[in-house]
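K.L.:
A single structure is presented below for examination.
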Amino acid sequence: MTFDLPYGFNFLHLNELTLLIPLAFLVFLGLWRKINRRHLFVHSLVIFLLILALAAPYSVEISSPETSQSRITIISDESVSMDLLEKGVSGELADDLNTRVPVMVTTISGIHTSLGDAIVQQASPDNYVLVVSDGQSNSGMPVEEALSYCYKNNFPVSALIPKTVKEDLSVEIEGENEAVIDNKAFFKVNIRKSVEDKMSYRVRVTVDHQKVMEREITQTERIESMEFNHTFETLGPHTVKATLHPASISVKNLDYFENNNQYMKSIYVTPKPEVLLVTDEPDSPLAGMMKEIYDVRVSGSFGSLNRTDAVIIDNQAASTISDVETRTLRDYIINGGGMVVVGGSSSFDLPADDTYQGTRFEELLPVSSEPSSWRGGRNVVLMLDVSPSTLQSNGAGRKILDDILSNAIVLLESDLLKDARVDVITFGSTGQDITDGFIDMSKESNKLWLDAEIRKITPSTGDSTSLERGLMTARTLLNGQNKSTEAEIIIVSDGGIGNRAERDLRFERAIQCAENLHEGSGINIHFVHIHTPSVDDLKVTPKGQYYAELFMNKIGLSENYNRIEPGERIKVSFSEDPEESENREDEYSSGSIVVYDPKHFITRNISDVQHDILGYNEVTPRPEANRLVITRLGKPIITVWRLGLGRVAAITTDNGKGHGVPWAASMYSGNDSLIITRTLNWAVADIEMSEGVQLDVPDLKMGQPGRILITTGKKGTPELYFDKKPMEITSIGNNMYESYVTADTFGLHKISETPVEVNLTEELMSENTGVKNVSWRPAAVNCPDEFMYTGENVLFRTAILENGGKVYTKGDVNSKIIEDALTSTKKKILTRVFYTKYFLVLAFLIYLFYTLHHTYNTRMK
Numbered sequence: 001m002t003f004d005l006p007y008g009f010n011f012l013h014l015n016e017l018t019l020l021i022p023l024a025f026l027v028f029l030g031l032w033r034k035i036n037r038r039h040l041f042v043h044s045l046v047i048f049l050l051i052l053a054l055a056a057p058y059s060v061e062i063s064s065p066e067t068s069q070s071r072i073t074i075i076s077d078e079s080v081s082m083d084l085l086e087k088g089v090s091g092e093l094a095d096d097l098n099t100r101v102p103v104m105v106t107t108i109s110g111i112h113t114s115l116g117d118a119i120v121q122q123a124s125p126d127n128y129v130l131v132v133s134d135g136q137s138n139s140g141m142p143v144e145e146a147l148s149y150c151y152k153n154n155f156p157v158s159a160l161i162p163k164t165v166k167e168d169l170s171v172e173i174e175g176e177n178e179a180v181i182d183n184k185a186f187f188k189v190n191i192r193k194s195v196e197d198k199m200s201y202r203v204r205v206t207v208d209h210q211k212v213m214e215r216e217i218t219q220t221e222r223i224e225s226m227e228f229n230h231t232f233e234t235l236g237p238h239t240v241k242a243t244l245h246p247a248s249i250s251v252k253n254l255d256y257f258e259n260n261n262q263y264m265k266s267i268y269v270t271p272k273p274e275v276l277l278v279t280d281e282p283d284s285p286l287a288g289m290m291k292e293i294y295d296v297r298v299s300g301s302f303g304s305l306n307r308t309d310a311v312i313i314d315n316q317a318a319s320t321i322s323d324v325e326t327r328t329l330r331d332y333i334i335n336g337g338g339m340v341v342v343g344g345s346s347s348f349d350l351p352a353d354d355t356y357q358g359t360r361f362e363e364l365l366p367v368s369s370e371p372s373s374w375r376g377g378r379n380v381v382l383m384l385d386v387s388p389s390t391l392q393s394n395g396a397g398r399k400i401l402d403d404i405l406s407n408a409i410v411l412l413e414s415d416l417l418k419d420a421r422v423d424v425i426t427f428g429s430t431g432q433d434i435t436d437g438f439i440d441m442s443k444e445s446n447k448l449w450l451d452a453e454i455r456k457i458t459p460s461t462g463d464s465t466s467l468e469r470g471l472m473t474a475r476t477l478l479n480g481q482n483k484s485t486e487a488e489i490i491i492v493s494d495g496g497i498g499n500r501a502e503r504d505l506r507f508e509r510a511i512q513c514a515e516n517l518h519e520g521s522g523i524n525i526h527f528v529h530i531h532t533p534s535v536d537d538l539k540v541t542p543k544g545q546y547y548a549e550l551f552m553n554k555i556g557l558s559e560n561y562n563r564i565e566p567g568e569r570i571k572v573s574f575s576e577d578p579e580e581s582e583n584r585e586d587e588y589s590s591g592s593i594v595v596y597d598p599k600h601f602i603t604r605n606i607s608d609v610q611h612d613i614l615g616y617n618e619v620t621p622r623p624e625a626n627r628l629v630i631t632r633l634g635k636p637i638i639t640v641w642r643l644g645l646g647r648v649a650a651i652t653t654d655n656g657k658g659h660g661v662p663w664a665a666s667m668y669s670g671n672d673s674l675i676i677t678r679t680l681n682w683a684v685a686d687i688e689m690s691e692g693v694q695l696d697v698p699d700l701k702m703g704q705p706g707r708i709l710i711t712t713g714k715k716g717t718p719e720l721y722f723d724k725k726p727m728e729i730t731s732i733g734n735n736m737y738e739s740y741v742t743a744d745t746f747g748l749h750k751i752s753e754t755p756v757e758v759n760l761t762e763e764l765m766s767e768n769t770g771v772k773n774v775s776w777r778p779a780a781v782n783c784p785d786e787f788m789y790t791g792e793n794v795l796f797r798t799a800i801l802e803n804g805g806k807v808y809t810k811g812d813v814n815s816k817i818i819e820d821a822l823t824s825t826k827k828k829i830l831t832r833v834f835y836t837k838y839f840l841v842l843a844f845l846i847y848l849f850y851t852l853h854h855t856y857n858t859r860m861k
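Take the sequence shown: its position 592, counted from the start at 1, is 592 in the UniProt record's numbering, and no numbers get skipped.
Okay, here's the thing in structure tokens:
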């Protein structure tokens, strides 16, 4: 345990300082007994110094020990995807660099690229790692995770990305591998190319060997996408296949790899789920939608739930659901059933004298029937300055970093952020994401975890503060979120963000980056400036103005600049102008809604909801529920959670008809209806459970293990075969199992309960359609990821820069690489300097001189 003192001093053993209490008592007793004050003072001072020595006083200093030798390790990516890039770059680099510094070359080859593993294996404090690669990695540790690890440990990693010189196209199909008969299944075809030049080609899509779409495309961007849907009219296995054909040039000149020009997806079509709809309005838009998708049994009461895959309770008051029915529903859900509760004038918080609040039925729901005081829908990036200057004293007995972290914790406990989605990044010489994405602050477990993570933050080992890098990291994070959601960036810093040298333009680039974020993306920015007693040229301009204040003035947000003194705590307000606030309230009252969590199955690939709703029930999500769709005011519209083995969803608007004026008629028609359909599909119970085994089979890749999820209603581990070979199956939960399978050939393979023939052709597959055969399932195997993602990975360049590295060109060999390698091997580290011996020597000298002085005065004279 440590104890902080001014000027950076600390004590390693705080408990020993408790000895000062009896010392103070003895001093007080000596004064009361009128002991010689000089004698009392000297002996008390000596004991005081000895106690301080026992507590092990120390200070933290930043040092830069030089390694005895620096070397460069070149990671040469020679995997298959590198065939498209300029060859021989690694060898040329090694020859040029080896004359001035030791160089070692390690290679990666084959049809799988484990770039992250190679980086971690070679990284060390005295080794400058230079990655020569396209940045495409498809196995092992993710590259972003490896670079983050190296950054945290001050292992220098940079990159040189050769030029892509050969053209290539690849195709992939996105979509679910299961579909319901007579329902539209939605798919997306992605065509990627290795270069940014214009290319022309033809894409053909077939279903069960029958052409359903063919287009001529001229592509300029790296990726082109097209969506389509198909309605399967027969049960059992089906195939969807996309094929590329050159439209203007021969295959050799246009397309380097041929095995990535086709992609096959296996689809298993199931019967319509049997769903019970409990409603008083059997002709509502909700009921009409359900009848198109499911085998619907409409009733005014629950009745039997046997062979029912899901229960939809539409606008039913609490008094209509008895305790007996609630117990039946609980048992049904816990054992794997699904339930969706739809709102209206007789549901959740309405009518006022018959709400769900406090009832046993409400215990099954992911929401409580009381108004939510949350103004959610806000993504917040909290940027914390951790540059070495934050180790300085704040002049009030603490370090500047203590003020920064304390203010961060106070901000996260604010009511304005209690239900926001927050990402915390640190910035020194680079920007580092410590939360690994946004986390929901409405969950107490997330809040406690983040509080603990913030307290662990230590200063970076760089030599400067790069606000630009932090803003780049924040931009990357926010670009992946829903653009219609309010976004805020809060910077907490000691203000050391200025330019030190004449050619240093980081401050100007930070201003430009912030302007693009605020004006181009509508992101609001706040700056919390911890004012410190020490002032240097990074905090104050030559004209005496604070850089932090100048920064906010330049981007037109001077009202969001807050300068506080050491020990003070900030209160950031997201308030708006009265006129703007009034306009926004009008927007809220219109019922415009947004997707809050875009990663869930229900909301995946749904960027926004086009139409507004006119009303909703007032509810509050439970702590561990998932809030998926909300109004702009933060009112929940779709909230879900798992209960036992089952799933429960709350749609807190009406069925599209309502009594009088409908609240959400638009939610049950057009594209907006997809979100309702997915909610219902998510809640539907496992419809194959009654028949023994349910399989979740993804698209597989040649030579890469694929994970098969297995659910069974039978006791004991199921016995399954993949291409007539027994599968190794491992239990992962109650009646849930997993198995990893690997195939080496393109096409369709079989998973079955008994050994059957393997590798069906697409033509033979069409003969098996129309029969629901639960004894086997198709598994489509496509080319490895090494051929799917070709050309330079643009995210690799960003990841290198955000983790403190540099991206070079071949011309930088002599001018920059060696210089940066020699500089980066001087690792800046934090060291403790202990002062115990100085306190002991001082105590000894004081006691010695006083004893000599006292002896001389009393005896010698």
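Every residue gets a Cβ at the ideal spot worked out from N, C-alpha and C, and that includes glycine.
Just so it is clear, the structure is predicted and the values come from calculations on it, not from any experiment.
#1: Going along the chain, which residues of its own chain have a beta-carbon closer than 6 Å to the beta-carbon of residue 392, five neighbours each way excluded?
#2: Taking 8 Å as the cut-off, does the region 706-713 touch the region 723-738 (at least 3 CB pairs, one atom from each stretch)?
#3: Would you say residue 275 and residue 314 are within 8 Å of each other, going by their C-beta atoms?
#4: Just list the residues that DSSP pairs residue 546 with in beta bridges.
#5: Using CA coordinates, which residue listed in 59, 24, 640 is at the minimum distance from residue 44?
#6: Going along the chain, which unbroken runs of the beta strand (DSSP E) with 3 or more residues stay wholly within the region 277-322?
#7: Can you tell which of 857, 643, 649, 642 has the C-alpha that lies nearest to the C-alpha of residue 636?
#8: Which ranges does the beta strand (DSSP E) cover as unbroken runs of at least 3 residues, wholly within the region 620-644, from first to last along the chain?
#9: Looking only at its own chain, which residues have a Cβ that is under 8 Å from the Cβ of residue 94, when we skip the five neighbours before and after it?
#10: Beta-carbon within less than 8 Å of residue 767's beta-carbon, same chain only, minus the 5 sequence neighbours each way: which residues are those?
#11: Distance, Cα to Cα, residue 511 vs residue 816?
#12: Apply the 10 Å Cβ neighbour rule to residue 223 and answer buried if 16 or more other Cβ atoms are within range, or exposed otherwise.
#13: Since residue 683 is in the alpha helix (DSSP H), which residue starts that stretch and which ends it?
#14: Do you know offhand how far residue 422's Cα is from residue 414's?
#15: Who does residue 526 pair with in a DSSP beta bridge?
#16: According to DSSP, is residue 230 part of a helix, a strand, or is it coil?
#17: Could you check if residue 621 is buried or exposed, using at least 16 other CB atoms within 10 Å of its CB as the buried criterion?
#18: Evaluate the contact criterion for the region 348-359 versus the region 590-604: three or more CB pairs, one atom per stretch, below 8 Å.
#19: Pick out the complete beta strand (DSSP E) segments inside the region 363-403, 3 residues or longer, and give them in chain order.
#20: Using a threshold of 8 Å, state whether the C-beta atoms of residue 110 and residue 796 are closer than that.
#21: Three or more C-beta pairs closer than 8 Å, one from the region 159-175 and one from the region 256-265: is that the case here?
#22: With a 10 Å radius around its C-beta and 16 neighbouring C-beta atoms as the bar for buried, classify residue 519 as buried or exposed.
#23: DSSP state of residue 749, grouped into three classes?
#24: Assuming residue 123 contacts residue 157 under a Cβ cut-off of 8 Å, what Cβ separation, rounded to an integer in Å, is found between them?
#25: Spatial neighbours of residue 540 within its chain, please: CB distance less than 8 Å, with the 5 preceding and 5 following residues excluded, ordered by chain position.
#26: Taking DSSP as the reference, what is the three-state secondary structure of residue 456?
#27: Rounded to whole angstroms, what is the Cα-Cα separation between residue 457 and residue 386?
#28: On a Cα-Cα basis, can you pick out the residue from 356, 491, 623 that is closest to residue 563?
#29: What span of residues does the beta strand (DSSP E) with residue 185 cover, start to end?
#30: Would you kindly work out how many angstroms separate the C-alpha atoms of residue 83 and residue 92, rounded to a whole number?
#31: Considering just the uninterrupted stretch of the alpha helix (DSSP H) at residue 479, what are its terminal residues?
#32: Name the residue from 720, 279, 152 whose alpha carbon lies nearest to the alpha carbon of residue 694.
#33: Quick check: what's the CA-CA separation for residue 365 versus residue 481?
#34: Can you check DSSP and say which residues form a bridge with residue 730?
#35: Determine the burial state of residue 433: buried for a count of at least 16 other Cβ atoms within 10 Å of its Cβ, exposed for fewer.
#36: Per DSSP, what kind of secondary structure is residue 17 in: helix, strand or coil?
P.N.:
Straight from the coordinates:
#1: Excluding the 5 residues flanking it on each side, residue 392 has same chain C-beta neighbours closer than 6 Å at 400, 534, in chain order.
#2: Yes, they touch.
#3: Cβ distance not < 8 Å, so residue 275 and residue 314 don't count as in contact.
#4: DSSP lists 540 as the beta-bridge partner residues of residue 546.
#5: Per the Cα distances, 24.
#6: The DSSP assignment places 295-299, 310-314 as complete runs of the beta strand (DSSP E) inside the region 277-322, in order along the chain (cut-off: 3 residues).
#7: Here the closest residue by C-alpha is 649.
#8: Correct list: 626-631, 636-643.
#9: Cβ neighbours of residue 94 within its own chain (closer than 8 Å, five residues either side excluded): 74, 103, 105.
#10: Note that residue 767 scores a pLDDT of 44, beneath 50, so its modelled location is shaky; the value from the coordinates is reported in the next line. Answer for residue 767: no residue qualifies.
#11: Near 27 Å, if we compare the C-alpha coordinates of residue 816 and residue 511.
#12: Residue 223 is exposed by the Cβ-count criterion.
#13: Run containing residue 683: 673-683, per the alpha helix (DSSP H) assignment.
#14: Straight-line Cα distance between these residues: approximately 12 Å.
#15: Looking at the DSSP assignment, residue 526 forms a beta bridge with 490.
#16: DSSP places residue 230 in strand when its eight states are reduced to three.
#17: Buried is the label assigned to residue 621, since at least 16 other Cβ atoms lie within 10 Å of its Cβ.
#18: Cβ pair count under 8 Å is below three, so no.
#19: You should have 378-385.
#20: Against a cut-off of 8 Å, the Cβ pair of residue 796 and residue 110 comes out as no contact.
#21: The count of Cβ pairs closer than 8 Å, one atom from the region 159-175 and one from the region 256-265, reaches three, so the stretches are in contact.
#22: Per the 10 Å Cβ criterion, exposed.
#23: In the structure shown, residue 749 falls within a strand segment according to DSSP collapsed to helix, strand and coil.
#24: Right, their Cβ atoms sit about 6 Å apart.
#25: These residues qualify, in order along the chain: 498, 546, 547.
#26: Under the three-state reduction of DSSP output, residue 456 falls in the coil class, being neither helix nor strand.
#27: Spanning the two alpha carbons is a distance of roughly 8 Å.
#28: With distances taken between Cα atoms, residue 563 lies closest to 491.
#29: In the DSSP annotation of this structure, the continuous segment of the beta strand (DSSP E) that includes residue 185 starts and ends at 184-193.
#30: Residue 83 and residue 92 have their C-alpha atoms spaced approximately 17 Å apart.
#31: Boundaries of the alpha helix (DSSP H) around residue 479: 467-479.
#32: Measuring from the Cα of residue 694, the nearest candidate turns out to be 720.
#33: Note on geometry: alpha-carbon atoms of residue 365 and residue 481 lie some 27 Å from one another.
#34: 738, per the DSSP bridge assignment.
#35: Classification for residue 433: buried.
#36: In the structure shown, residue 17 sits in a helix (DSSP, three-state: H, G or I).
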